[in-house]
Amino acid sequence: MIKIHLTTCICMLTLCANQVAWGQSTPEAEKSAAIDYFDNTFADTCQPFSETKWRFEEGEEVNPARLELSYKSEYASSDTGYETAIVYKFFCSSGAYSQQTVFLQKSGNSFVSLSFATPVLEIKYEDDQDEKVSSIKITGYTSRSSLTNSTFDPINLLLTEQSYWRGLGDAYQKTTFLFSEGQFVLKSFEVDASYDGQIEPQLLIDY
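Counting from 584, one number per residue, gives the positions in the sequence shown under this note's numbering.
Here's what the structure looks like:
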């Protein structure tokens, strides 16, 4: 019985120590927890964090990027009416002319991966070279856990992605999300579906 009690006490002390360490939320502990969550959650879709560190050793960009987002909320617990959300942006993978990133948001003592609404398109062309668009229609919406070539405007709380359909960049889609009430909300969506060498997007969504 003594051994059982001692073991139980040791386990409880260890658990409490872990909770205190995370509760203190030092920058190092928080970042380490975010990296562990990223590696476990995106093991099948993204490169491990340890294999991508070299990409950011000499550049101005950091990985992961930690974002503190202050936003007005009618449910705010503070007297000012503002809440602060912590979001981590992680490099996921890259291709010939695109870079994929994923986003984690701190939730209590853990993290959640963010998903982003994306329109599903039905595109019809007038020719076999897809140079002239006959019609574009939104047929529904889906969600994605990664964004392509994403940038964030911390002043206006706007997250933008631009996905090029080919290297020339004349065919692409661009989506903008606003961080509102603690989440990213779809605000605008434009697409240039013609492979004609010209930049002539159509604005399909504008909230």
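Yeah, the Cβ is synthetic: ideal placement off N, Cα and C, and Gly gets one too.
Whole angstroms is fine: what's the gap from residue i's alpha carbon to residue j's?
i      : j      : result
GLN607 : LYS757 : Unreliable positioning characterises GLN607 in this predicted model, as indicated by a pLDDT of 49, which lies under 50. A coordinate reading is not provided.
GLU613 : GLU783 : 44 Å
PHE772 : THR684 : 19 Å
SER660 : SER681 : 40 Å
LEU650 : GLU634 : 23 Å
ASP779 : PHE632 : 38 Å
TYR790 : SER690 : 28 Å
GLN785 : THR722 : 16 Å
TYR671 : VAL768 : 17 Å
ALA668 : ALA617 : 14 Å
ALA600 : PRO647 : Note that ALA600 scores 33 on pLDDT, short of 50, meaning its location in the model is unreliable; the coordinates nonetheless yield the value given after this. The straight-line gap from Cα to Cα measures roughly 26 Å.
GLU640 : PHE673 : 15 Å
ARG638 : PHE699 : 25 Å
LEU787 : VAL774 : 7 Å
PHE621 : GLN781 : 38 Å
LEU652 : SER746 : 25 Å
SER763 : TYR724 : 20 Å
THR759 : VAL695 : 21 Å
ALA679 : TYR658 : 44 Å
Pull up the DSSP beta-bridge partners for residue i, would you.
i      : result
ARG649 : TYR671
GLU744 : THR758
TYR724 : PRO702
ASP789 : SER771
TYR665 : LYS655
GLN766 : SER763
Quick one: give me the first and last residue of the alpha helix (DSSP H) that residue i is part of.
i      : result
GLU611 : 610-624
Over the uninterrupted beta strand (DSSP E) stretch that includes residue i, give me the two end residues.
i      : result
SER733 : Counting along the chain, SER733 falls outside any beta strand (DSSP E), and DSSP gives it neither H nor E.
GLU705 : 699-708
PHE632 : Element bounds for PHE632: n/a, residue is neither H nor E.
GLU657 : That residue, GLU657, is in no beta strand (DSSP E); it is neither H nor E in DSSP.
LYS689 : 682-690
SER693 : 693-696
Since I believe residue j is in contact with residue i (beta carbons under 8 Å), could you give me their beta-carbon distance rounded to a whole number of angstroms?
i      : j      : result
LEU687 : LEU697 : 7 Å
GLY664 : LYS655 : 6 Å
ILE719 : ILE706 : 5 Å
ALA754 : SER777 : 7 Å
SER677 : CYS629 : Not quite, the Cβ-Cβ distance comes to about 11 Å (not below 8 Å), so this is no contact.
THR743 : SER733 : 7 Å
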